[in-house]
Structures are given as structure tokens and as C-alpha cells.
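Residue numbers (UniProt numbering): 1 to 247. Heads up, the beta-carbon is just placed ideally off N, CA and C, and yes, glycines get one too. Here the structure is a predicted model, which is why all the values come from computation and not from measurement. Report on the structure given below.
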Amino acid sequence: MSFGDPNNPYNQQPNQPPQGGQPGYGYPQQPGIPPQQGQPGYGYPQQGIPQQPGQPGYGYPQQQPGTLQANNGYINVPGLGTVQVATMGRRLGARLIDGVIICVVYAILSGIGLAGALGLAETAEECGSTLDPGYNACIEDASAGFLVTMLGIFALFALITLLYEWLMISFLGATVGKMALGLRVVKENTGRNPGLGGGFIRYIIPIVGALLCYIGTILVYLSPFFDNSGKLQGWHDRAAGTLVVKK
Numbered sequence: 001m002s003f004g005d006p007n008n009p010y011n012q013q014p015n016q017p018p019q020g021g022q023p024g025y026g027y028p029q030q031p032g033i034p035p036q037q038g039q040p041g042y043g044y045p046q047q048g049i050p051q052q053p054g055q056p057g058y059g060y061p062q063q064q065p066g067t068l069q070a071n072n073g074y075i076n077v078p079g080l081g082t083v084q085v086a087t088m089g090r091r092l093g094a095r096l097i098d099g100v101i102i103c104v105v106y107a108i109l110s111g112i113g114l115a116g117a118l119g120l121a122e123t124a125e126e127c128g129s130t131l132d133p134g135y136n137a138c139i140e141d142a143s144a145g146f147l148v149t150m151l152g153i154f155a156l157f158a159l160i161t162l163l164y165e166w167l168m169i170s171f172l173g174a175t176v177g178k179m180a181l182g183l184r185v186v187k188e189n190t191g192r193n194p195g196l197g198g199g200f201i202r203y204i205i206p207i208v209g210a211l212l213c214y215i216g217t218i219l220v221y222l223s224p225f226f227d228n229s230g231k232l233q234g235w236h237d238r239a240a241g242t243l244v245v246k247k
């Protein structure tokens, strides 16, 4: 009669590890048998799987808003994604269309002013001769009326120009000329329309430049050529924080 191991009186079999050398809960990894590729187990970290190149994620910096893409004329704008910066040819073409519209409005107002001047001239002829007692007073009234008429026409023209450029850019992001050529003015940091503040700043800077015999205005409209960032921002765009892009 034989006796078993005194430490194992019931002759129990020792725990065996799973087949194939796979570690599990309570079973240590067998020496020299690595886990299968990509199969995590207890005590083994998940194998890292890198993301596809160019896909933003952990460890991959996202493209910052306002960043040009390889200077190819495209830019990343928040809210719009990747859009194309408007070329100077299109911008000058849009400005030309707007100029024609403004000239038509000016011609209409000038015609109204001329008709008023002719009416005042007829009134001056009715003042009589220089020997009449009320002649000087009549001529002064006619001259004052002509001056008021011309100043009123000029003020109305300036107001129409202001409202045309300011309000359309503020709320629509484009004038008629820009709409015709598929352009839009947006805020660089949001991609939205400039709003009243941005639209006014963008409008008033060229007007201030007109005080220098319009030389300043010409320089403002040509200033995108001087922008070495590739965004083609004019001085008025930089001050208003805007970009001109294609729709």
C-alpha cells in the first residue's frame, strides 16, 4: 500500500494553464510563449493602433483656423471649412460692377440737381433788373436755394453709398458686384457675416483715404497686393478682421 503526498492527501491535480499558452485570470504567462499578436490579456496592455495619417486625434494637432494650406489659395475658416481666397481679379471686377451701379445712382441724382438748378435760374430771371429794389435779395435767395439743393444731393448720394456698401456687407456679406462674381466677405475668426461693426470699419477706411485726393482710397483697394501672408487681406480687411472668399 502506497501513500501519496502528505501535502496533497486527496491526490488533486494541480491547476493547468489554458491550452495554447494564452494567459488568463489566475494563470501566469508561460515563459517563452508570447501572447498572440494584437490579443490583449490580463496584465497585457492593449496594442496601440495609430490613426491614419492626416486624421486629427490624440497626438495629431488639428489645423488652426485661418491657416493657409500650402499657399495654394485655400484657407481653413471656422464654420465654413476649407474655402478659396478670392483672387484680386475677381475683387477688382466686383468693385468695377459696384462702381457702375454707384455711377448710375450719381447720374440720376445729378439730373435731379440739374433740373433744380434750372428752376432756380428761371427764378433768378424773374428777379427783374438790377435797378429793382428787391433784386439783390431775390438773387441771394436763388443762390442759397441752389446751394442747399446741391448740398442735399451730395448728402443723399453719400448716404446711399454708405447704406449700399455698409449694410449689404454687414448683413449679406456681399454687394451686388460681389454677388455677381461669387464672392463673400466673412469674419476670419467665425466665418460669419461681418455685422454692423465690421462692415462699418471696412467701409470707412477707404472713405478716410479719400481725404488725400483719393490716393489713400486707391492704396487701400490695392493693399491686398502688399499682403505677404497669402490671405490677400487689405488694410480695411485687417482692421475689420475680415476675409474675402469665394462662395
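Going by C-alpha to C-alpha distance, which of 239, 95 and 90 sits closest to residue 187?
239
Taking the alpha carbon of residue 160 as the reference point, which residue from 76, 107 and 182 has its own alpha carbon closest?
107
Identify the residues that DSSP records as bridge partners of residue 245: which are they?
85 and 184
Using three-state DSSP, classify residue 136 as helix, strand or coil.
helix
Compute the Euclidean distance between the alpha carbons of residue 193 and residue 89, then round it to the nearest angstrom.
22 Å
Ignore the nearest five residues each way along the sequence and tell me which others in residue 97's own chain have a CB closer than 6 Å to its CB.
177 and 180
Roughly how many angstroms separate the alpha carbons of residue 83 and residue 144, rounded to a whole number?
55 Å
Buried or exposed for residue 198, please, with buried defined as at least 16 other CB atoms from any protein chain shown within 10 angstroms of its CB.
buried
So, with DSSP's three-state summary, where would you put residue 106?
helix
So, under 8 Å CB-CB, residue 231 and residue 182 are touching, yes? Tell me the CB distance rounded to an integer number of Å.
About 18 Å; that fails the 8 Å criterion.
Can you confirm whether residue 244, when its beta carbon is compared against all beta carbons of chain D, has any partner nearer than 8 Å?
Of the protein chains in the structure, only one exists, and it is not chain D.
Taking 8 Å as the threshold (C-beta atoms), are residue 157 and residue 109 in contact?
yes
Could you check what DSSP says for residue 238 in three-state terms: helix, strand or coil?
helix
Count the other CB atoms within 10 Å of the CB of residue 169; is the residue buried (16 or more) or exposed (fewer)?
buried
Label residue 249 either buried or exposed according to how many other C-beta atoms from any shown protein chain fall within 10 Å of its C-beta, with 16 as the threshold for buried.
As displayed, the chain neither begins before 1 nor continues past 247, which places residue 249 out of reach and without an answer.
Could you give the distance in angstroms between the alpha-carbon of residue 172 and the alpha-carbon of residue 218?
24 Å
Given this structure, state the Cα-to-Cα distance separating residue 184 from residue 136, to the nearest angstrom.
56 Å
Can you grab the Cα-Cα spacing for the pair residue 190 / residue 117, in whole Å?
50 Å
Element boundaries [alpha helix (DSSP H), containing residue 248]:
Any property of residue 248 remains undetermined from this structure, which presents the chain solely from 1 to 247.
Delimiting residues of the alpha helix (DSSP H) encompassing residue 221:
215–222
Neighbourhood of residue 94 by C-beta, 6 Å cutoff - its chain only, sequence neighbours within 5 removed:
177, 178, 181 and 183
In chain order, what residues of the same chain have a beta carbon less than 6 Å from the beta carbon of residue 166, not counting five sequence neighbours either side?
199, 200 and 203
Which stretch, first to last residue, makes up the beta strand (DSSP E) that contains residue 76?
74–77
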